[in-house]
Amino acid sequence: MKRLAALLATILTTAGAHAGEVQVAVAANFTAPMQKIAEAFAQDTGHKAVLAFGATGKFYAQITNGAPFEVLLAADDETPARLEAEKQAVPGTRFTYATGKLVLWSAKEGYVDSRGKVLEHGNFAHLSIANPRAAPYGAAAVETLTRLKLYQRLQPKIVQGENIAQAHQFVSTGNAELGFVALSQVSRDGRFTSGSGWIVPESMHGPIRQDAVILLKGAANPAARALADYLRSDKARGIIRSYGYEI
-3 MKRLAALLAT ILTTAGAHAG EVQVAVAANF TAPMQKIAEA FAQDTGHKAV
47 LAFGATGKFY AQITNGAPFE VLLAADDETP ARLEAEKQAV PGTRFTYATG
97 KLVLWSAKEG YVDSRGKVLE HGNFAHLSIA NPRAAPYGAA AVETLTRLKL
147 YQRLQPKIVQ GENIAQAHQF VSTGNAELGF VALSQVSRDG RFTSGSGWIV
197 PESMHGPIRQ DAVILLKGAA NPAARALADY LRSDKARGII RSYGYEI
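The opening position of the sequence shown corresponds to residue -3 in the numbering used here, with each subsequent residue numbered one higher.
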């Protein structure tokens, strides 16, 4: 019995010695699923993912200016590709971890109809979107409004959040009656958790492919490689799907 206890202690000590931390920049729309994935990642591997959430465009600026991030989970596929081309990322580590969906959402029940016709009526004071220059979901919102030929008319009512998290906050607090947010922020397992919404058809905007990449600062960190692998595991994919993303 004593020998078995000593063996178990040795195994646990060895596992702990190999466990590490990885600094991860995460697109704001992916906050909730990534928090769950990080928890499961720690339980299953012993590694800890230290998460920072924000706009992809701002993360790009921080990374190119030396920020200590080791993995980027972007809200688009262009930023990781650009970092790879600029030799700021490890070649061959870029992959699509999720495809996002845009939704026009209101915290009020029955406010947004199933076809988004509320936009045409214009009986609202504020329409929230993420900054289209920094957040791909904001760019998709502008593209959708342009496709609907409503952008010019509704532009005076648009309020911009720094990122998709702030755009959602404007709507959830009632500071804006409705707004374009990520489906993952307002739904679980295929249902809206509150309020009302219209899932914008994919034909209204370009695909929101979200890519991950290991950054140069994470090249020698086994925890960074482990996280990239874990994001492609069945458990992580199940979490991602439950928040309305496609794989």
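Ideal Cβ positions, reconstructed from N, Cα and C, are used throughout, including at glycine. None of these values were measured; they are calculated from a predicted model.
Would you say the region 146 to 155 touches the region 105 to 125, given that touching needs at least three Cβ pairs under 8 angstroms? yes
Which full runs of the beta strand (DSSP E) of 3+ residues lie inside the region 179 to 236, going along the chain? DSSP runs (the beta strand (DSSP E)) wholly in the region 179 to 236: 192 to 195, 204 to 210.
Could you check which residue in V209, V99, K44, A94 has the C-alpha nearest to that of V167? V99
Please classify S110: does DSSP put it in a helix, a strand, or coil? coil
What would DSSP say about T142, mapped onto helix, strand or coil? helix
Report the rounded CA-to-CA distance for Y239 versus A135, giving the unit in angstroms. Spanning the two alpha carbons is a distance of roughly 21 angstroms.
Can you name the start and end residues of the beta strand (DSSP E) that F49 belongs to? 44 to 50
Would A70 and G42 be called neighbours here (beta carbons separated by less than 7 angstroms)? Pairing A70 with G42 gives a Cβ-Cβ distance that is not under 7 angstroms.
Between H201 and T140, is the Cβ-Cβ spacing less than 7 angstroms? yes
So, with DSSP's three-state summary, where would you put Q84? coil
Whose C-beta lies closer than 7 angstroms to the C-beta of A85 among residues of the same chain, with five residues either side of it excluded? P76, L79, V209, I210, L211, L212
Let's see if you can read the secondary structure: which residues bound the alpha helix (DSSP H) around Y147? 147 to 150
Could you work out which residue in L223, H117, T60 is closest to A81 when comparing CA atoms only? With distances taken between CA atoms, A81 lies nearest to T60 out of L223, H117, T60.
Taking C-alpha atoms, which residue in K145, A28, V20, V18 lies nearest to R184? R184 has its Cα closest to that of A28, out of K145, A28, V20, V18.
Given T95, which residues of its chain have a CB within under 8 angstroms of its CB, disregarding the five upstream and five downstream residues? Excluding five sequence positions before and after T95, the CB atoms of its chain that fall closer than 8 angstroms to its own CB belong to P203, I204, R205, Q206, Y241, E242, I243, given in chain order.
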